[in-house]
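Residue numbers (the working numbering), protein chains in the order written: chain A, 1 to 329; chain B, 1 to 329.
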DNA sequence: ATGAAAGCGCTAACAT
DNA sequence: ATGTTAGCGCTTTCAT
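Written out as structure tokens, the structure reads:
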């Protein structure tokens, strides 16, 4: 009497008939919409078990106007940092009964918007967005009618919910640590549009140090490798480098090793993210850990409970994890 | 007149009224269910645009009995190999109009089954499953009533759709390459339950070589690191090692470097997966690349088009990528 | 404590 | 070429 694949799907009506009650009572039993006599409830549960009944989420979503799903749009779920963040989002959302749709926007604003619309049509209850955002984007996002919030936003912007990590502060911590080590010619690898660039620059300036060379790199392994090679070529004028992401840094490491440059001996490194990968590179990376779990939890809470957090809680702090690539023992 | 957030959702009926046609015509225009006069179609499309209408996917799913979603259950989407595979699944599925729900089962069979049920209740059109599977599992999976197939299955099993990579053959290729280099004491790091273990073992035996030491390791970075340390401790009796995954291998690399052992000089390495990470480790890993894109495409096709492939196409071949960790220049 | 029935937004068979 | 309508499976109001 259990469900046999290929059989017609068993619906709530089947359960009702089998238990000798009305459809409503099944609903009451399952969702607690009204009191049900213990004996009846037991009969219903028994029928559910026997028939192998599972509620139809589409029907439920249609009726309730909520799919109990949220969407997340990241630049690249293959980047360990985003992978970890998405996994936390999934974990947090699941614990609240929500499923998660992850989409890759490939660093494209156009794709991000397109996917947001796709998600909207799928009736998701909210979407977590990543990447740069300006006032125009806010309007476009709002036009979809779907609730949204920024995940890991880099700058707070009016009318936009979201949490992020204080990238500039993190970069300052990392750079300051490098300076503390006594390095004076500290390079930068990453995107200049990124807040980490500003953090690096201001820290050097305030310390009275001339900013070291600057290697523009997209957030890809190829980009990191190329920047690493460029860095190796000019290693005479550099004794340390701040790299904007662990993924980039591990590729930089490879380029430096290839050029037979000792890390941290000839060039010290501090990077950003605190991804699992950073702990197992050689040497282990000194890095600014982003509080991914917290980020995920806060973002989901904002999205689902419409919690507008106080402004000063929209930027979380990263924590410097000191390992060996900076020169610490 | 465009959608303003907070407004009542605009439905197909609104579009119909605005365009001065019946609900059906809107459907015909959008889905091509029946011929529509060009002028009418244009009016409808105009209304859609003006009102910012997006079809309600829940209603559609309820009506059609298909949510146009599939699920994927992996052990750990944070592992670069799974991350890449999931991304391909998403890409392939998207191109066919399907969205993807990714769930992490944490290497637990119980969780895998639980999630399969969750997905079933969400009316997904199919689920891609990973990990070990036996006849009992097949029954349990079938009992959910949802269509499923194995993604990256290690062994074909009766009554189960799916594609996988010939792990044993891949491990043989890698081990053979190590032997070709002249190494004679070749260790193994990975899980013994895995087909790669058999491939490693048989290749050594057939070559008349005594199997080197064997370090059991779960597929985690911690596991790889511990195994690497054990390997380093017994490096006198080892000149090469086959590691079952890139993620493991990169942690092994770290342990070896820490022990000041030269790779490939003192211990050569060949590993498995061909993840992006493997190219940018130091030294770059010689590894067996799994055809992730092909895997994803074939699995999705089987799931969606109910294509039962010929038996000999259920196991795809990996390709050995020769880089430096094996001793090649 | 339980039942009857309306209606969520959509598609498709049938009628015109 | 276009309109009318039933019904997908569910929740929930209102009766009983």
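All C-beta atoms in this analysis are idealised placements derived from N, C-alpha and C, irrespective of residue type, glycine included.
What residues of chain A sit near residue 282 of chain B, judged by a beta carbon separation below 8 Å? Residue mapping note: residue 282 of chain B aligns to position 282 of the second chain, counting from 1. Within chain A, the residues near residue 282 of chain B are 253, 254, 257, 258, 282.
Out of A:294, A:306, A:308, A:322, state which residue places its alpha-carbon closest to the alpha-carbon of residue 86 of chain A. As a working note, residue 86 of chain A is residue 86 in the first chain. Answer by Cα proximity: A:294.
Starting from residue 99 of chain A, follow its DSSP beta bridges and name the residues at the other end. Here residue 99 of chain A corresponds to residue number 99 of the first chain, with the count starting at 1. Its beta-bridge partners are A:69.
Against chain B, with Cβ distances strictly below 8 Å, would residue 9 of chain A count as a contact? For the purposes of this step, residue 9 of chain A is taken as residue 9 along the first chain, with counting starting at 1. Judged by the 8 Å Cβ criterion, residue 9 of chain A is in contact with chain B.
Say whether chain B places a C-beta atom closer than 8 Å to the C-beta of residue 265 of chain A. Working through the first chain from its first residue, we reach residue 265 of chain A at position 265. No, residue 265 of chain A lies away from the interface with chain B (no Cβ there is under 8 Å from its Cβ).
Which term fits residue 150 of chain B, buried or exposed, when burial requires 16 or more other beta carbons within 10 angstroms of its beta carbon? Taking the first residue of the second chain as 1, we reach residue 150 of chain B at position 150. Label assigned to residue 150 of chain B: buried.
Does residue 145 of chain A get closer than 8 Å to chain B when you measure Cβ to Cβ? Position 145 of the first chain, counted from the start, is the residue given in the question as residue 145 of chain A. Taking Cβ atoms only, chain B reaches closer than 8 Å to residue 145 of chain A, which makes this a yes.
Going by C-alpha to C-alpha distance, which of A:140, A:277, A:302 sits closest to residue 128 of chain A? Taking the first chain and counting its residues from 1, the one referred to as residue 128 of chain A is at position 128. Selected option, being the one with the closest Cα: A:302.
Identify the contact partners of residue 101 of chain B in chain A, using a Cβ-Cβ distance below 9 Å as the criterion. What you label residue 101 of chain B is simply residue 101 of the second chain in a count that begins at 1. By Cβ distance, chain A contributes 69, 99, 100, 101, 102.
Less than 8 Å between CB atoms is the rule here; does residue 277 of chain A satisfy it with respect to chain B? For the purposes of this step, residue 277 of chain A is identified with residue 277 of the first chain, where counting begins at 1. Yes, residue 277 of chain A lies at the interface with chain B (some Cβ there is under 8 Å from its Cβ).
From which residue to which residue does the beta strand (DSSP E) around residue 282 of chain B run? Taking the first residue of the second chain as 1, we reach residue 282 of chain B at position 282. Counting along the chain, residue 282 of chain B falls outside any beta strand (DSSP E), and DSSP gives it neither H nor E.
Inter-residue spacing [alpha-carbon to alpha-carbon] between residue 3 of chain A and residue 101 of chain A: Reading the first chain from its first residue, position 3 is the one you call residue 3 of chain A. Reading the first chain from its first residue, position 101 is the one you call residue 101 of chain A. Only weak support exists for where residue 3 of chain A lies, its pLDDT of 39 falling under 50; the coordinates are left without a value.
Option in A:219, A:165, A:212 with minimal Cα separation from residue 316 of chain A: The residue you call residue 316 of chain A lines up with position 316 of the first chain. Here the closest residue by C-alpha is A:165.
Go through its chain and collect everything with a Cβ distance to residue 5 of chain B's Cβ below 8 Å, but skip five positions before and after it. For the purposes of this step, residue 5 of chain B is taken as the residue at position 5 of the second chain. Caution is warranted here: a pLDDT of 42 is assigned to residue 5 of chain B, below 50, making its placement in the model unreliable, and the coordinate value is therefore given only provisionally. There are no such residues.
Just tell me which of B:126, B:300, B:283 has its CA closest to the CA of residue 267 of chain B. Counting from 1 along the second chain, the entry for residue 267 of chain B is found at position 267. Residue 267 of chain B has its Cα closest to that of B:283, out of B:126, B:300, B:283.
What residues in its chain sit with their C-beta under 7 Å from that of residue 297 of chain A, if we drop five residues either side in the sequence? Counting from one through the first chain, the residue named residue 297 of chain A turns up at place 297. Contacts found: 92.
Tell whether a beta-carbon distance below 8 Å holds between residue 183 of chain A and residue 190 of chain A. Counted from its first residue, the first chain places residue 183 of chain A at position 183. Counted from its first residue, the first chain places residue 190 of chain A at position 190. In this structure, residue 190 of chain A does not lie closer than 8 Å to residue 183 of chain A by Cβ.
If we cut at 8 Å on Cβ distances, does residue 58 of chain B have a partner in chain A? As a working mapping, residue 58 of chain B is identified with position 58 in the second chain. Answer yes: the Cβ-Cβ gap between residue 58 of chain B and chain A drops below 8 Å somewhere.
Endpoints, the beta strand (DSSP E) within which residue 247 of chain A is located: In the first chain, the residue the question calls residue 247 of chain A occupies position 247. Unbroken run through residue 247 of chain A is the alpha helix (DSSP H), 246–258; no beta strand (DSSP E).
Within a Cβ cutoff of 7 Å, which residues of the same chain sit near residue 33 of chain B, ignoring the five residues on either side of it in sequence? What you label residue 33 of chain B is simply residue 33 of the second chain in a count that begins at 1. If we look at residue 33 of chain B and ignore the five residues flanking it on each side, its Cβ neighbours are 27.
Compute the distance between the beta-carbons of residue 96 of chain A and residue 304 of chain A, then report whether it is under 8 Å. Here residue 96 of chain A refers to the residue found at position 96 of the first chain. Here residue 304 of chain A refers to the residue found at position 304 of the first chain. Cβ atoms of residue 96 of chain A and residue 304 of chain A: closer than 8 Å.
Are the beta-carbon atoms of residue 171 of chain B and residue 199 of chain B separated by less than 8 Å? Counting from 1 along the second chain, the entry for residue 171 of chain B is found at position 171. Counting from 1 along the second chain, the entry for residue 199 of chain B is found at position 199. Yes.
Anticipated Cβ contact below 8 Å, residue 41 of chain A with residue 73 of chain A, distance rounded: Here the question's residue 41 of chain A lines up with position 41 in the first chain. Here the question's residue 73 of chain A lines up with position 73 in the first chain. Incorrect: roughly 42 Å between the Cβ atoms, too far for contact.
Please return the same chain residues whose Cβ sits closer than 7 Å to the Cβ of residue 140 of chain B, not counting the five positions on each side in sequence. Working through the second chain from its first residue, we reach residue 140 of chain B at position 140. Once the five neighbours on either side are set aside, the close Cβ partners of residue 140 of chain B are 113.
Which residue marks the beginning of the beta strand (DSSP E) containing residue 303 of chain A, and which one marks its end? As a working mapping, residue 303 of chain A is identified with position 303 in the first chain. Here residue 303 of chain A belongs to no beta strand (DSSP E); instead the alpha helix (DSSP H) covers 292–305.
Measure the CB-CB distance between residue 261 of chain B and residue 232 of chain B and report whether it falls below 8 Å. As a position in the second chain, residue 261 of chain B is number 261, starting the count at 1. As a position in the second chain, residue 232 of chain B is number 232, starting the count at 1. In contact: residue 261 of chain B and residue 232 of chain B (Cβ atoms closer than 8 Å).
Is the shortest distance between the beta-carbon of residue 341 of chain B and the beta-carbons of chain A less than 8 Å? This structure cannot settle anything about residue 341 of chain B, because the visible part of chain B is limited to 1 through 329.
If you reduce the DSSP assignment to three classes, tell me which class residue 104 of chain A lands in. If you number the first chain from 1, residue 104 of chain A lands on position 104. Three-state DSSP puts residue 104 of chain A in a strand.
What do you reckon, are the CB atoms on residue 25 of chain B and residue 36 of chain B nearer than 8 Å? To locate residue 25 of chain B, count along the second chain from 1; it is residue 25. To locate residue 36 of chain B, count along the second chain from 1; it is residue 36. It is a contact, given that the beta carbons lie within the stated cut-off.
Look up residue 58 of chain A in the DSSP assignment and say whether it is helix, strand or coil. One-based indexing of the first chain puts residue 58 of chain A at position 58. Looking at residue 58 of chain A - three-state DSSP - the assignment turns out to be helix.
Helix or strand or just coil, what does DSSP make of residue 141 of chain A? Residue mapping note: residue 141 of chain A aligns to position 141 of the first chain, counting from 1. Helix, per DSSP.
Looking only at its own chain, which residues have a Cβ that is under 6 Å from the Cβ of residue 242 of chain A, when we skip the five neighbours before and after it? Residue mapping note: residue 242 of chain A aligns to position 242 of the first chain, counting from 1. Same-chain partners within the cutoff: 174, 175, 188, 200, 270.
Jot down the residue ranges of each uninterrupted beta strand (DSSP E) in the region 107–174 of chain A, minimum 3 residues, whole runs only, in chain order. 126–129, 148–151, 162–165
I want to verify the contact list: residues of chain B whose CB lies under 9 Å from the CB of residue 120 of chain A, in sequence order. Numbered from its first residue, the first chain carries residue 120 of chain A at position 120. Here the neighbours are 54.
To which residues of the same chain is residue 1 of chain B closer than 8 Å at the C-beta, ignoring the five residues directly before and after it? Counting from one through the second chain, the residue named residue 1 of chain B turns up at place 1. Any answer about residue 1 of chain B is weak, because its pLDDT of 36 lies below 50 and its placement is not dependable; what the coordinates show is given next. Counting only Cβ-Cβ distances below 8 Å, and skipping sequence neighbours, we find 50, 51.
Among A:66, A:285, A:56, whose alpha-carbon lies nearest the alpha-carbon of residue 62 of chain B? Your numbering for residue 62 of chain B matches position 62 in the second chain. For residue 62 of chain B, the nearest C-alpha among the options comes from A:56.
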